[in-house]
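Before any comments, here is the structure.
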Amino acid sequence: MNIVLWVIAALLAAAFLFSGLFKLALSHEKYVAAQDWAAGAPRWAPRAIGTLEVLAAIGVVLPAIVNVAPILVPIAATGLVLVMIGAVAMHLRREEIPALAPSGVLLILAAVVAWGRFGPYAF
Numbered sequence: 158m159n160i161v162l163w164v165i166a167a168l169l170a171a172a173f174l175f176s177g178l179f180k181l182a183l184s185h186e187k188y189v190a191a192q193d194w195a196a197g198a199p200r201w202a203p204r205a206i207g208t209l210e211v212l213a214a215i216g217v218v219l220p221a222i223v224n225v226a227p228i229l230v231p232i233a234a235t236g237l238v239l240v241m242i243g244a245v246a247m248h249l250r251r252e253e254i255p256a257l258a259p260s261g262v263l264l265i266l267a268a269v270v271a272w273g274r275f276g277p278y279a280f
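So the number in this note's numbering is just where the residue sits in the sequence shown, counting from 1, plus 157.
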């Protein structure tokens with residue numbers, strides 16, 4: 158199970174690093190053109206979410222790799238759970254049913270890592 162948690166954490170890190178950097182790299186206008194949800198959100202929201210995603214992507218793998226404060230791994234995974242709860246709620250509110258699948262999968266994967274690293278497979 159430890160290997161499974163490492164693989165899931167690596168996948169989460171890749172997905173959220175890409176997503177977060179996408180939000181941070183584009184100007185607000187370009188991001189709104191690419192992602193409809195941002196038009197109705199405060200101007201600061203995509204950058205704030207992108208920052209949280211990048212930090213969580215780093216936090217879900219790096220502390221365990223360097224063996225410095227590995228308790229940060231399940232904390233970062235819990236942060237991703239919270240971000241994805243927000244994403245699922247937003248997609249439900251906007252009635253974007255097809256977008257629920259990837260958000261739901263990422264939510265479940267982050268929850269599995271948080272459970273495993275806080276619980277029976279802690280570092």
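Even glycine gets a Cβ: it sits at the ideal position worked out from N, Cα and C.
Please read these numbers as outputs of a predicted model, since none were measured by experiment.
Q: Would you list, in sequence order, the uninterrupted alpha helix (DSSP H) runs of no fewer than 4 residues that lie entirely inside the segment 194-271?
A: Listed in chain order, they are 202-216, 219-223 and 229-250.
**Q.** Exposure of Ala191, with buried meaning 16 or more beta-carbon neighbours within 10 Å
**A.** Taking the first residue of the sequence shown as 1, we reach residue 191 at position 34. Residue burial annotation: Ala191 is exposed, with fewer than 16 other C-beta atoms found within 10 angstroms of its C-beta.
Q: Specify, as a first and last residue, the run of the alpha helix (DSSP H) that Gly177 falls within.
A: As a working note, residue 177 is residue 20 in the sequence shown. Run containing Gly177: Asn159 to Ala182, per the alpha helix (DSSP H) assignment.
Q: Identify, in the order they occur along the chain, each residue of the same chain with its Cβ nearer than 6 Å to the Cβ of Gly273, setting aside the five sequence neighbours on each side.
A: Here the question's residue 273 lines up with position 116 in the sequence shown. Close CB contacts of Gly273 within its chain, under the 6 Å cut and outside five residues either way in sequence, are with Leu162 (chain order).
Q.
Quick check on Met158: buried or exposed, where buried means 16 or more other Cβ atoms within 10 Å of its Cβ?
A. Counting from one through the sequence shown, the residue named residue 158 turns up at place 1. In summary, Met158 is exposed, with fewer than 16 beta-carbon neighbours lying within 10 Å of its beta-carbon over all protein chains present.
Q: Taking only the alpha-carbon atoms, compute the straight-line gap between Asn224 and Tyr278 and give it to the nearest angstrom.
A: The sequence position of residue 224 within the sequence shown is 67, counting from 1. The sequence position of residue 278 within the sequence shown is 121, counting from 1. Cα-Cα distance, rounded: 15 Å.
Q) Alpha carbon to alpha carbon, what distance is there between Gly177 and Arg200? A) Working through the sequence shown from its first residue, we reach residue 200 at position 43. Working through the sequence shown from its first residue, we reach residue 177 at position 20. Each residue's CA atom was taken as its position, placing Arg200 and Gly177 some 16 Å apart.
Q: Counting only the same chain and skipping the five closest in sequence on each side, list residues whose C-beta sits under 6 Å from that of Leu263.
A: If you number the sequence shown from 1, residue 263 lands on position 106. Its chain contains Met241 as the residues whose beta carbon lies nearer than 6 Å to that of Leu263, once the 5 sequence neighbours on both sides are disregarded; these appear in chain order.
Q) Which residue's Cα is closest to the Cα of Pro220: Val230, Val211 and Thr235? A) Taking the sequence shown and counting its residues from 1, the one referred to as residue 220 is at position 63. Between Pro220 and the set Val230, Val211 and Thr235, the nearest pair of CA atoms involves Val230.
**Q.** C-alpha gap between Gly261 and Val218, whole angstroms
**A.** In the sequence shown, the residue the question calls residue 261 occupies position 104. In the sequence shown, the residue the question calls residue 218 occupies position 61. Their Cα atoms are separated by approximately 21 Å.
Q) Can you tell which of Leu174, Asp193 and Val269 has the C-alpha that lies nearest to the C-alpha of His248? A) Position 91 of the sequence shown holds residue 248. The residue from Leu174, Asp193 and Val269 with its alpha-carbon nearest to that of His248 is Asp193.
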